[in-house]
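One structure below.
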Amino acid sequence: MLQDAIKTQLKGYLASLVHPIVLEASLDDTPPSREMHELLHEVAALSDRVQVSEQGEATRRPSFVIKQVGAKGAGVSFAAIPMGHEFTSFVLAMLQVGGHAPKFSDDMVTQIRALPGQYDFETYVALSCQNCPDVVQALNAMSVINPNIRNVTIDGALFPDEVTARNIMSVPQVYLNGKLFETGRADAGQILAKLDAEAPKRAAAKLKDIAPFDVLIIGSGPAGASAAIYAARKGVRTGLVAERFGGQMMDTEGIENFISVPETTGPRLSAALEAHVRAYDVDVIPGEVATELFPAVHPGGLHGVALESGAILHARTVIVATGAHWRHLGVPGEEEYRNKGVAYCPHCDGPFYKGKRVAVAGGGNSGVEAAIDLAGIVAHVTLLQRGSHLKADKVLCDKLATLPNVTVLTEALTTRIEGNGRNVTGLTYRGGDGADHHVDLEGVFVQIGLLPNTDWLKDTVERNAFGEIVVNDHGATSVPGVFAAGDATTTPYKQIVIAIGDGAKAALSAFDYLIRVPAPVEKKVPA
């Protein structure tokens, strides 16, 4: 199953196991069980510290548990053949069960160990989902730290009856003690915040007396990461409020237009950005979201930034790089059937629509790419573009035109998503003739562009009618000492490479501001 290059790399990882582990499998006489048997034995053959047992007693078959030989505890469970995006989760789980500590801060480890009660998680994934590994890896690591936490990763394709019973049409979906706990990407910090009600208060207290920054960057996508690196290289005190590294880029499966890198993925590039940032003297403040900006009273003075935890940070300059989020259709039925037929990530949720009829709303690059990807899974794709022609790159449109199970409708404005109270059953669109038309289908993938994450700024900086922060050629906003970069701004063409350049420009402009505008003696804002 595993390619020779992967085997060589994995053999190197397994050589560093501190304690021997056992892969305890629960199998039956089905093709998936035979496939799991093959994978586990291939892995075990790479290290004398890995053994396989087929005496597992789990009710889900096929499945396996990673346990430390001779140790008590539930271990880390996979009701999945962890290939695709979950192969890394599998490798990390083996290493962590085998004695390698998860890469969490000491404070987070203490917090996880102190959680009271019993937590039984069930995490439903698709192997094509690039969002799922974050949740899986966080819960697996937490279960290694605290034996009262258990997690089983379930591939929905292997257990369709469970998927149907729980009406799962999007992933990741996490159940805790039998009840829905989380839908969508989440890291350990976000999970802990839901499990531990006192976590935000402790986070705020920890940040209460932090010294003011010279440059404080809000957002850790391409623009924010670039700004942090450029600011740190200037030797100024730099802070980075990072809800999640990579931002919207984490939801991008394939990236083929990042200059000098012919092909990569959003998660892979995000990890590289984070590693680059952490190589510099940047004070990363993870898992926080900005909620309000308090501009300085005097030029050169301190700005205040309130965080969701209740903490307030101060800085002489602020760079807003909060990016954007998927735009919603805003039509009846969209919210009602979200995750029940209305989806926003074709890579994550496409497998749940195998053999079904779906629609893609949007004729730009994202929409056409989604239609191409889905055409290889579903029975039929209807692509709806409200304008008179597709806006995607020609290479994508040419590829789309070769697919026999795709219908393109132009001058088609989606007006309603319909359902039976449980799932989507169709949609209505208004055609160029002014009449309403109905399409029977089981899923709608919304790919109509982005909206900037700028509502938290309220009226503090100038924004245009679309909510984008108005910036000049230097990335400066209407507030002296406040700069902005990337998809949250009026900079045209929302591209990763442009956001990275934007971040560098904003950081250089902030540094120039610092050396040209003296700092007055004043109180922190807000006082």
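The opening residue of the sequence shown carries number 3 in this note's numbering; numbering runs sequentially from there. Backbone N, C-alpha and C fix where the C-beta goes; we use that ideal spot for every residue, glycine too. Here the structure is a predicted model, which means the values were calculated and not measured.
Determine the DSSP secondary structure at V499, reduced to helix, strand or coil.
Within the sequence shown, residue 499 is the residue found at index 497, counting from 1. In this structure, V499 counts as helix in the three-state DSSP scheme.
Determine the contact status of A313 and K210, defining contact as a CB-CB distance below 8 Å.
Numbered from 1 along the sequence shown, position 311 holds the residue referred to as residue 313. Numbered from 1 along the sequence shown, position 208 holds the residue referred to as residue 210. Yes, they are a contact pair.
Just to confirm, are K393 and G428 a CB contact at a threshold of 8 Å?
Here residue 393 corresponds to residue number 391 of the sequence shown, with the count starting at 1. Here residue 428 corresponds to residue number 426 of the sequence shown, with the count starting at 1. No, these two residues do not count as a Cβ contact at 8 Å.
Distance, Cα to Cα, L129 vs A82?
Within the sequence shown, numbered from 1, the residue matching residue 129 stands at position 127. Within the sequence shown, numbered from 1, the residue matching residue 82 stands at position 80. Spanning the two alpha carbons is a distance of roughly 9 Å.
What does the Cβ neighbour count give for V20, buried or exposed, with the cut at 16 atoms within 10 Å?
Here residue 20 corresponds to residue number 18 of the sequence shown, with the count starting at 1. By the 10 Å Cβ count, V20 comes out exposed.
Taking the beta carbon of F468 as the centre, do at least 16 other beta carbons fall within 10 Å, making it buried, or is it exposed?
In the sequence shown, counting from the first residue as 1, residue 468 sits at position 466. That one is exposed.
Residues of its chain near P152, where Cβ-Cβ distance is below 6 Å and the 5 sequence neighbours each way are ignored:
For this step, residue 152 is matched to residue 150 along the sequence shown. The amino acid occupying residue 152 in the given sequence is Arg; Pro does not appear at that position. For R152, where only same-chain residues beyond five positions count, the Cβ hits under 6 Å are A76, D122, S145.
For L516, which residues from the same chain have a beta carbon less than 7 Å from its beta carbon, with the 5 sequence-adjacent residues on both sides left out?
Position 514 of the sequence shown, counted from the first residue, corresponds to residue 516. For L516, where only same-chain residues beyond five positions count, the Cβ hits under 7 Å are D216, V238, R318, T319.
Could you check if A73 is buried or exposed, using at least 16 other CB atoms within 10 Å of its CB as the buried criterion?
The residue given as residue 73 occupies position 71 in the sequence shown. Classification for A73: exposed.
Rounded to a whole number of angstroms, what is the C-alpha to C-alpha distance between Q11 and L94?
Within the sequence shown, numbered from 1, the residue matching residue 11 stands at position 9. Within the sequence shown, numbered from 1, the residue matching residue 94 stands at position 92. For Q11 and L94, the distance between alpha carbons rounds to 13 Å.
H349 - containing alpha helix (DSSP H), residue span
Your numbering for residue 349 matches position 347 in the sequence shown. From DSSP, the alpha helix (DSSP H) with H349 extends over 348-351.
So the alpha helix (DSSP H) R270 belongs to, where does it begin and stop?
Against the sequence shown, residue 270 aligns to sequence position 268. Annotation for R270: the continuous alpha helix (DSSP H) segment containing it runs 268-280.
Beta-carbon proximity check, E444 vs G335, cutoff 8 Å
In the sequence shown, the residue the question calls residue 444 occupies position 442. In the sequence shown, the residue the question calls residue 335 occupies position 333. Result no, Cβ atoms of E444 and G335 do not sit closer than 8 Å.
Alpha carbon to alpha carbon, what distance is there between Y355 and D163?
Working through the sequence shown from its first residue, we reach residue 163 at position 161. Working through the sequence shown from its first residue, we reach residue 355 at position 353. Roughly 15 Å between the two C-alpha positions.
Note down the Cα distance separating V111 from I261, rounded to an integer number of angstroms.
The residue you call residue 111 lines up with position 109 of the sequence shown. The residue you call residue 261 lines up with position 259 of the sequence shown. Roughly 39 Å separates the two Cα atoms.
Please go through the same chain and pick out, in chain order, the residues whose beta-carbon is closer than 8 Å to the beta-carbon of S49, but skip the five residues on each side of it.
As a first step, residue 49 must be located in the sequence shown, where it is residue number 47. Once the five neighbours on either side are set aside, the close Cβ partners of S49 are K13, L16, A17, L19.
Inter-stretch contact at 8 Å, needing at least 3 Cβ pairs: the region 263-278 / the region 430-449:
no
If distances are taken between C-alpha atoms only, which option among G505, E464, R115 comes closest to G325?
Here residue 325 corresponds to residue number 323 of the sequence shown, with the count starting at 1. The candidate whose alpha carbon is nearest that of G325 is G505.
What number of angstroms, rounded off, separates the C-alpha of G306 from the C-alpha of A298?
The residue labelled residue 306 in the question sits at position 304 within the sequence shown. The residue labelled residue 298 in the question sits at position 296 within the sequence shown. Their Cα atoms are separated by approximately 7 Å.
Exposed or buried, what is Y346 when buried is set at 16 or more other beta-carbons lying within 10 Å of its beta-carbon?
Your numbering for residue 346 matches position 344 in the sequence shown. Answer is buried; the Cβ neighbour count reaches 16.
Rounded C-alpha distance that separates T409 from T384:
Here residue 409 refers to the residue found at position 407 when the sequence shown is read from its first residue. Here residue 384 refers to the residue found at position 382 when the sequence shown is read from its first residue. About 5 Å.
Completely contained alpha helix (DSSP H) runs for the region 42-130, where each covers 4 or more residues:
89-99, 108-115
Considering only residues of the region 285-343, which uninterrupted alpha helix (DSSP H) runs meet the minimum length of 4 residues and lie entirely inside it, listed in chain order?
none
Leaving aside the five residues before and after K236 along the sequence, list all residues of the same chain whose C-beta is less than 6 Å from its C-beta, in chain order.
Residue 236 sits at position 234 when you count from the first residue of the sequence shown. Contacts found: F513.
At 4 residues or longer, and completely inside the region 418-444: list those alpha helix (DSSP H) runs for me, N to C.
none
In three-state DSSP terms, what is D461?
On the sequence shown, position 459 is the one that residue 461 refers to. D461: coil per DSSP, three-state reduction.
For a quick check, are the C-beta atoms of E255 and G268 less than 8 Å apart?
In the sequence shown, counting from the first residue as 1, residue 255 sits at position 253. In the sequence shown, counting from the first residue as 1, residue 268 sits at position 266. Yes. Within cutoff.
If I measure Cβ to Cβ from A213 and keep anything under 8 Å in the same chain, skipping five residues before and after, which residues do I get?
The residue labelled residue 213 in the question sits at position 211 within the sequence shown. Closer than 8 Å at Cβ, skipping near neighbours: R239.
Out of curiosity, what's the CA-to-CA distance linking L531 and H330?
Outside the displayed span of the chain (3 to 529) sits residue 531, for which this structure offers no information.
V284 versus L315, Y232, A7, residue with shortest Cα-Cα distance
In the sequence shown, residue 284 corresponds to position 282, counting from 1. Nearest option by C-alpha distance: Y232.
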